[in-house]
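Take a look at the structure below.
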Amino acid sequence: MRIRALIALAATVLASVLPIGAAQADRVPDDRPLPGYTIDNPPLAPVQVHGKPSRVLQGVHHHAAYDIEVPPHWNGKLALWAHGYAGQGFVLTVGPPPFGLRQRLLDQGYAWAASSYYDNGYDVRAGVLSTRDVSELFAGKVGRPEQRIIVGASMGGHIIGRSLEQFPHYYDGALPMCGVLGDDELFDFFLDYNIVAQDLSGVREYPVTDQYATVTVPKIEAGLGLTELRPGGPDTTNDRGKQFRSIVQNRTGGTRPGGVQSFAYWKDFPFTLATPEPPNATLAEYPGQLATNLFTRYEPNKPVDVNRTVQRVPVANLRARLSNRLSQVPRINGRPQVPVLSLHGLGDMFVPFSMEQIYAKEVARQHRSRLLVQRAIRTTEHCEFSAVEAGTAWDDLVRWIDHGRRPAGDVTTKPSVVARPGYGCRFSDPAAYAAGTGTRRLFPACP
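Rendered as structure tokens:
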């Protein structure tokens, strides 16, 4: 059950979350990064587009690096690329759309633009504002586009979901891939993973200390039989480890193809996301302050009655979680006003498939399901898409925007459908599976 559903009334009486560093930004020249940051944006070589070179523009705008590329015969339309989480460092970087999209866009006559954002960390507000800024810069330097499509991955999906609501009708369509469309519930899952593992193993440490990763986690994994667990290897989990795996599977999208192998692939990583909270941390520096499990019901609830024994953690920053303002980790309310086509890896447990299910339910509550198409891809690594999968999604989205033809997608919110052996086969690239690319073979062959 979502905490926002229980305490939404309180949100109306809370003060907004104010932008951080606005006054500081006013004192810095627009063509320079904010204090403490440097920019790494080496020259981007033009590419050939039907035998002629593209035009590349690069620079700094509103404290963020940008790249713009225009084909020789521009069709008047613009794609905006929203990159994912770039870490907590202080070097701003920017690059072209991946998954073969850069060349595809240019070949089709689309220009593209991308921003480094003015801030690193998990700063969605920076992504929302900097992406719009580079779009307006494009209008001044190249020409005002007749159409804008926003495309992004991972945290870029969070940026997309909020951008569509922050600037209604500014964008004409969206392609989020492996996106954090469930906003703060991603951080709930990171909390769940660690707090439930602690409970089932009998090794507790919350809040975590600097010794957590090196001393406590090995004890937790040993207590659950996870130490030697590997994809494709024997099942080393004990009864409590099996319960933990089932709880994790349910929290990341439910019973689905590849779930057991994907858990073995990811089983160590979520432990690394539990770190001590830095003093005076912003949301971008420590988004875990939004997480809670106060109202979470875990299934299965045996052999251990986890719902009785698990440590319950309240929201550390309730004001930020309740706010509907554009913060560093803002809410997405499921209110797109233009076509949205999303891709998500079925076995991803960094940004899990449940993000799609949360967004689909929110969009349905807003009576906008006609504007959302979702596709499950049978991969386990985060943002693992072939050029065929991403390119087909792009082409289908463009036809939807231009001609009103809503493309096919997968049902994400019916557990009986998601659990089918062939789920995710329809839009997964068979050639990538045949080649054994990446994590494809953690899934059985499609029927």
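For the sequence shown, position 201 matches number 200 in numbering that gives the first Met the number 0, and the numbering has no gaps at all.
Where is the CB? At the ideal position from N, CA and C, for every residue including glycine.
Tell me the start and end of each unbroken alpha helix (DSSP H) in the segment 341-416 that is at least 4 residues and wholly inside, in chain order. As far as the segment 341-416 is concerned, its whole alpha helix (DSSP H) runs of at least 4 residues are 353-364 and 386-402.
Buried or exposed, going by whether 16 or more other CB atoms sit within 10 Å of the CB of GLY403? As a position in the sequence shown, residue 403 is number 404, starting the count at 1. Exposed, because fewer than 16 other Cβ atoms sit within 10 Å of the Cβ of GLY403.
Residue interval of the beta strand (DSSP E) (run including ALA152): Here residue 152 corresponds to residue number 153 of the sequence shown, with the count starting at 1. ALA152 -> beta strand (DSSP E) spans 146-152.
Consult DSSP for GLY20 and reduce its assignment to one of helix, strand or coil. By 1-based counting over the sequence shown, the position of residue 20 is 21. Low confidence applies here, because GLY20 scores a pLDDT of 47, under 50, leaving its location unreliable; read the following figure in that light. Here DSSP, grouped into helix, strand and coil, assigns GLY20 to coil.
Is the beta carbon of GLU383 sitting closer than 8 Å to the one on THR438? Here residue 383 is taken as the residue at index 384 of the sequence shown, counted from 1. Here residue 438 is taken as the residue at index 439 of the sequence shown, counted from 1. Yes, they are a contact pair.
By how many angstroms is the C-alpha of ARG103 removed from the C-alpha of GLY390? Within the sequence shown, numbered from 1, the residue matching residue 390 stands at position 391. Within the sequence shown, numbered from 1, the residue matching residue 103 stands at position 104. Looking at the two C-alpha atoms, the distance is approximately 7 Å.
Hey, GLY126 and ILE357 are a contact pair by Cβ (cut 8 Å); roughly how many whole angstroms apart? What you label residue 126 is simply residue 127 of the sequence shown in a count that begins at 1. What you label residue 357 is simply residue 358 of the sequence shown in a count that begins at 1. Rounded to the nearest angstrom, the Cβ distance from GLY126 to ILE357 is 19 Å, too far for a contact under 8 Å.
Which whole runs of the alpha helix (DSSP H) in the segment 262-318 are 4 residues long or more, in chain order? Every alpha helix (DSSP H) of 4 residues or more that sits fully in the segment 262-318 is shown, in chain order, as 268-271 and 305-308.
Apply the 10 Å Cβ neighbour rule to GLY435 and answer buried if 16 or more other Cβ atoms are within range, or exposed otherwise. As a first step, residue 435 is located in the sequence shown; it is residue number 436 there, counting from the start. The residue is exposed, with fewer than 16 neighbouring Cβ atoms inside 10 Å.
From the DSSP secondary-structure annotation, give me the bridge partner or partners of HIS60. Counting from one through the sequence shown, the residue named residue 60 turns up at place 61. According to DSSP, which records beta bridges pairwise, HIS60 is partnered with ALA63.
Please classify SER115: is it buried, with 16 or more other beta-carbons within 10 angstroms of its beta-carbon, or exposed? Walking along the sequence shown from the start, residue 115 turns up at place 116. Classification of SER115: buried, given that the 10 Å Cβ count is 16 or more.
Could I get the ranges of all uninterrupted beta strand (DSSP E) runs contained in the segment 196-245, with 3 residues as the minimum, in chain order? The segment 196-245 contains no whole beta strand (DSSP E) run of 3 or more residues.
Is it the case that the Cβ atoms of THR412 and ALA359 are separated by a distance below 8 Å? As a working mapping, residue 412 is identified with position 413 in the sequence shown. As a working mapping, residue 359 is identified with position 360 in the sequence shown. Yes, the pair counts as a contact, with Cβ atoms nearer than the cut-off.
Proximity of ASP409 and ARG425 at Cβ, strictly below 8 Å: Indexing the sequence shown from 1 puts residue 409 at position 410. Indexing the sequence shown from 1 puts residue 425 at position 426. Result yes, Cβ atoms of ASP409 and ARG425 sit closer than 8 Å.
If you measure between the beta carbons of SER200 and ARG244, is that distance less than 8 Å? Position 201 of the sequence shown, counted from the first residue, corresponds to residue 200. Position 245 of the sequence shown, counted from the first residue, corresponds to residue 244. In this structure, ARG244 does not lie closer than 8 Å to SER200 by Cβ.
Under a three-way DSSP split, which group does ILE331 fall into? The residue labelled residue 331 in the question sits at position 332 within the sequence shown. Three-state DSSP puts ILE331 in coil, outside helix and strand.
I need the straight-line Cα distance from PHE262 to VAL141, nearest angstrom please. For the purposes of this step, residue 262 is taken as the residue at position 263 of the sequence shown. For the purposes of this step, residue 141 is taken as the residue at position 142 of the sequence shown. Rounded to the nearest angstrom, the two C-alpha atoms are 47 Å apart.
Please classify GLU276 as buried or exposed, where buried requires at least 16 other C-beta atoms within 10 Å of its C-beta. As a first step, residue 276 must be located in the sequence shown, where it is residue number 277. Counting Cβ neighbours within 10 Å, GLU276 comes out exposed, since fewer than 16 surround it.
With 16 other CB atoms within 10 Å as the buried threshold, where does THR281 fall? Translated into positions along the sequence shown, residue 281 becomes position 282. Around the Cβ of THR281, a 10 Å sphere holds 16 or more other Cβ atoms; the residue is buried.
Taking its Cβ as the centre, do 16 or more other Cβ atoms sit within 10 Å of SER415, making it buried, or is it exposed? One-based indexing of the sequence shown puts residue 415 at position 416. Per the 10 Å Cβ criterion, exposed.
On the DSSP bridge list, what partners appear for GLY253? Along the sequence shown, read from residue 1 onward, the residue named residue 253 stands at position 254. GLY253 is not bridged to any residue.
Close-in-space but distant-in-sequence residues of the same chain around ALA113 (CB under 6 Å, 5 per side omitted): As a position in the sequence shown, residue 113 is number 114, starting the count at 1. Its chain contains ASP66, TRP80 and VAL93 as the residues whose beta carbon lies nearer than 6 Å to that of ALA113, once the 5 sequence neighbours on both sides are disregarded; these appear in chain order.
With DSSP run on the structure shown, which of helix, strand or coil describes SER114? On the sequence shown, position 115 is the one that residue 114 refers to. Judged by DSSP in its simplified three-state form, SER114 adopts strand.
Spatial neighbours of VAL305 within its chain, please: CB distance less than 8 Å, with the 5 preceding and 5 following residues excluded, ordered by chain position. As a first step, residue 305 must be located in the sequence shown, where it is residue number 306. Cβ within range, chain order: VAL195, ASP198, LEU199, GLN242, ILE246 and TYR297.
ALA78 classed as buried or exposed, judged by whether at least 16 other C-beta atoms fall within 10 angstroms: By one-based count along the sequence shown, residue 78 stands at place 79. Around the Cβ of ALA78, a 10 Å sphere holds 16 or more other Cβ atoms; the residue is buried.
Below 6 Å CB to CB, which residues in the same chain sit around GLY20 once its five sequence neighbours on both sides are set aside? Translated into the one-based positions of the sequence shown, residue 20 becomes position 21. For GLY20, the predicted structure reports a pLDDT of 47, less than 50, and the residue's modelled location is therefore unreliable. The matter cannot be settled from this model.
Which value, in whole angstroms, describes the spacing of the CA atoms of ALA418 and LEU342? In the sequence shown, the residue the question calls residue 418 occupies position 419. In the sequence shown, the residue the question calls residue 342 occupies position 343. So the alpha carbons of these two residues sit roughly 18 Å apart.
Out of GLY99, ASN300 and VAL69, which has the shortest C-alpha to C-alpha gap to ALA386? Taking the sequence shown and counting its residues from 1, one reaches residue 386 at position 387. It is GLY99.
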